[in-house]
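Asker: Would you mind keeping the following structure in view while I ask a few things?
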Amino acid sequence: MMVSALGLAACGSDSDGDVETTSASATTGHTTTSTTQSEESETPSASESAPETEPETPEDQDPEQDPEAQREDEPEQRSAPAASEGDAAQIRAVSEGLAGDRPYADYMQYVYDNTCTADIDRLGGRDSYREQIGEARKENEMWSEVAGGQGNIPDVHGVNDIQVQGDRATANVDRTLGGNRKTELVTYVREDGAWKTCASA
């Protein structure tokens, strides 16, 4: 049952300033000096009032009260990039392939082919594992018989939120085992170009 355990572990405005400038021009038609002085005197006033009339910048807004700000922040909360379509398809296939009854030797072979080397080594290495597969073929038992009933065979409902960073990936696997449904974080590594479950990563 060590092998089974391995497989199961593997989801304002400036309008006031404009009005004052126009008035100054109308009352001093004989000279342009006062108009110029008036315009210059109004310029600092307009700049001083600018901070009071400027709209709030995104940094000044409360993210909890601004849905758009929350949406912009969401991608930054991810610990790794989302997987490409090809990687996501491979990772889903690996976890979904652990579900369903079959001859126990076939199940062991699937685990052998889709589990990282580090995890296989924890079970004694690949040579020892292959020997166990050979013995299982002689017994010719179904996985459900070895596992103690159909209820102990996992039923995978979905593999979600797949994230990839280099040759390491994670996914939330939604599955039922022993009558209990839960979502677990599963880790994968890429070995020889193929994604494999890897609890050791």
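Here our numbering is used: the first residue of the sequence shown is 1, the next is one more, and so on.
Glycine included, each C-beta is placed from N, C-alpha and C at the ideal position.
These figures come from a predicted structure and were not determined experimentally.
1. Ends of the beta strand (DSSP E) at Ala194?
2. What are the start and end residues of the alpha helix (DSSP H) that includes Gly134?
3. How long is the line joining the alpha carbons of Asn152 and Leu185, rounded to whole angstroms?
4. Apart from the five residues just before and just after Glu191, which ones in its own chain have a Cβ nearer than 7 Å to its Cβ?
5. Is Asn152 helix, strand or coil by DSSP?
6. Return the first residue and the last residue of the alpha helix (DSSP H) that Arg105 is part of.
7. Thinking just about the alpha-carbon of each residue, which of Asp106, Val146, Gln150, Ala88 is nearest to the one in Leu177?
8. With respect to the alpha helix (DSSP H) encompassing Ala118, which residues constitute its N-terminal and C-terminal limits?
9. Where does Ala89 sit, in a helix, a strand or coil, going by DSSP?
10. In the DSSP assignment, the beta strand (DSSP E) including Ala201 goes from what residue to what residue?
11. Looking only at its own chain, which residues have a Cβ that is under 6 Å from the Cβ of Ser144, when we skip the five neighbours before and after it?
12. In the DSSP assignment, find the beta strand (DSSP E) that holds Ala169 and state where it starts and stops.
13. Rounded to the nearest angstrom, what separates Lys196 and Ser84 at their Cα positions?
14. Secondary structure at Ala147, three-state DSSP: helix, strand or coil?
Answerer: According to the structure shown:
1. By 1-based counting over the sequence shown, the position of residue 194 is 194. Start and end: 194 to 197.
2. Looking up residue 134 in the sequence shown gives position 134. First-last of the alpha helix (DSSP H) with Gly134: 126 to 139.
3. Within the sequence shown, the letter at position 152 stands for residue 152. Within the sequence shown, the letter at position 185 stands for residue 185. Each residue's Cα considered, the two are about 19 Å apart.
4. Numbered from its first residue, the sequence shown carries residue 191 at position 191. Only residues of its own chain outside the window of five on either side were considered, and among them Cys116, Thr117 have a CB closer than 7 Å to the CB of Glu191, listed in chain order.
5. Along the sequence shown, one-based indexing puts residue 152 at 152. Reduced to three states, the DSSP call for Asn152 is helix.
6. Counted from its first residue, the sequence shown places residue 105 at position 105. It should be noted that the sequence gives Ala, not Arg, for residue 105. Looking at the DSSP string, the run of the alpha helix (DSSP H) that includes Ala105 is 104 to 113.
7. For this step, residue 177 is matched to residue 177 along the sequence shown. Across the set Asp106, Val146, Gln150, Ala88, the C-alpha of Gln150 shows the shortest separation from the C-alpha of Leu177.
8. For the purposes of this step, residue 118 is taken as the residue at position 118 of the sequence shown. From DSSP, the alpha helix (DSSP H) with Ala118 extends over 117 to 122.
9. Against the sequence shown, residue 89 aligns to sequence position 89. Secondary structure of Ala89 (DSSP, three-state): helix.
10. Here residue 201 is taken as the residue at index 201 of the sequence shown, counted from 1. Where Ala201 is concerned, there is no enclosing beta strand (DSSP E), given that its DSSP letter is neither H nor E.
11. As a first step, residue 144 must be located in the sequence shown, where it is residue number 144. Annotation for Ser144: Asp101, Gln150, Ile153 place their beta carbon closer than 6 Å to its own, counting only its chain and skipping 5 residues before and after.
12. What you label residue 169 is simply residue 169 of the sequence shown in a count that begins at 1. That run of the beta strand (DSSP E) goes 168 to 177.
13. Taking the first residue of the sequence shown as position 1, residue 196 is located at position 196. Taking the first residue of the sequence shown as position 1, residue 84 is located at position 84. Going from the Cα of Lys196 to the Cα of Ser84 covers about 16 Å.
14. Within the sequence shown, numbered from 1, the residue matching residue 147 stands at position 147. Here Ala147 sits in helix by DSSP.
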